[in-house]
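Note sheet for the following structure.
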Amino acid sequence: MSKTEVAAPGPVPPQFPDIGHLGKWSVSSYKYGFGAQCLQDNDPDTFWHSDGPQPHFITVQFPRRVAIQKLALHLSFDRDDSYTPSTVCVRAGTSLNEMQDVRMVSFEKPNSWIAFDISSEPTEDGDTCKPLHVFVVQVVIMGNHMNGKDTHVRGLRILGPVNEQIDDDDHFPFTSRAFKMYESIR
C-alpha cells in the first residue's frame, strides 16, 4: 500500500464507466432512511449516515472479477461538518477474507466529488495507474474532520478503465495479447 496522500477535489472524469451497479452494496451501519441506497442515487441532498463506532465501511461485492480504475466520493464539509471523512483507506481483494489495503487518502475540507486512482502502480507509459482486478472493494472511513464519530458520504462511484475505441476498418478486433500476435501476416 502506498503512503497517505491528499486527494484534490474535482469532477468525476466522464470517460470512465461507472460499474457500481454490477455489485452488491453493504455498509457497516446506518441510521434508518440513510442506508447504502443513498450512496448510489445521484442526489447530493441524500447521504449514507453511519451509526456506531469507527471505523465505518462501505463494501461492494461483485459476482465476477471486475477491473476498477478509480473511486469517486462525494463529500461536503460545508453541510456535514464533523461528519465529513478526513481519511479513507481502500481495501480490495478476491473475497471479504482476503482483502489488502491498496490506498490511503486524506481530504482537506472537501466540498465536491473527489476521484482518485485505486492503484498506485503506474502503467508502462507512466501517465495513469493500472486498474485492479478484484471481486470485492471496501472503502473504510478511518477518521472524520474534528474527530467526529459518525460519518456522512453523499455519493460513491466505482469507475472502470476507459474502453479503447476499436477502428471500424479493423475486421478482426482482437483484444487479447494471444490473439493480437496473429493479427497480421509477416
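In the UniProt record's numbering, the protein residues as written are 1 to 186.
Think of the CB as a built atom: it goes at the ideal place given N, C-alpha and C, for glycine as much as any other residue.
Only a predicted model underlies this, so the values are computations on that prediction, with no experimental measurement involved.
Each of I114, S119, W48 and Q15 was checked against the Cα of G33, and the nearest Cα belongs to W48. In the DSSP annotation of this structure, C38 is not part of any beta strand (DSSP E); the continuous alpha helix (DSSP H) holding it starts and ends at Q37 to Q40. A Cβ-Cβ contact shorter than 8 Å links Q138 with M99. If only complete runs of 3 or more residues are kept, the stretch 98-182 shows the beta strand (DSSP E) at 99-106, 113-117, 132-144 and 155-159, in order along the chain. Under the three-state reduction of DSSP, L22 is assigned to helix. Membership of F62 in the beta strand (DSSP E) is indicated by the continuous run H56 to I68.
Annotated as distal: K130 and S112, with beta-carbon spacing of 8 Å or more. Looking from the CA of V162, the closest CA among F16, G52 and N97 belongs to F16. For the options A36, I19, R177 and Y30, the alpha carbon positioned closest to that of V66 is the one of I19.
Rounded to whole angstroms, S106 and T123 show a C-alpha spacing of 23 Å. When the Cα atoms are used, L132 and G155 turn out to be separated by approximately 21 Å. Sixteen is the threshold: when 16 or more other Cβ atoms of the shown chains lie within 10 Å of the Cβ of D117, as they do, the residue is buried.
Between the C-alpha atoms of Q54 and L22 there is a straight-line separation of about 27 Å.
Here the stretch 26-43 does not lie against the stretch 84-95, with fewer than 3 beta-carbon pairs under 8 Å apart. The continuous beta strand (DSSP E) containing G93 extends over residues P85 to G93.
F57 sits close to I141, with the two beta carbons spaced by under 8 Å.
Classified as exposed, S176 has fewer than 16 neighbouring CB atoms from the shown chains inside 10 Å of its CB. Contact between V12 and R157 holds: CB atoms are separated by about 6 Å, below the 8 Å threshold.
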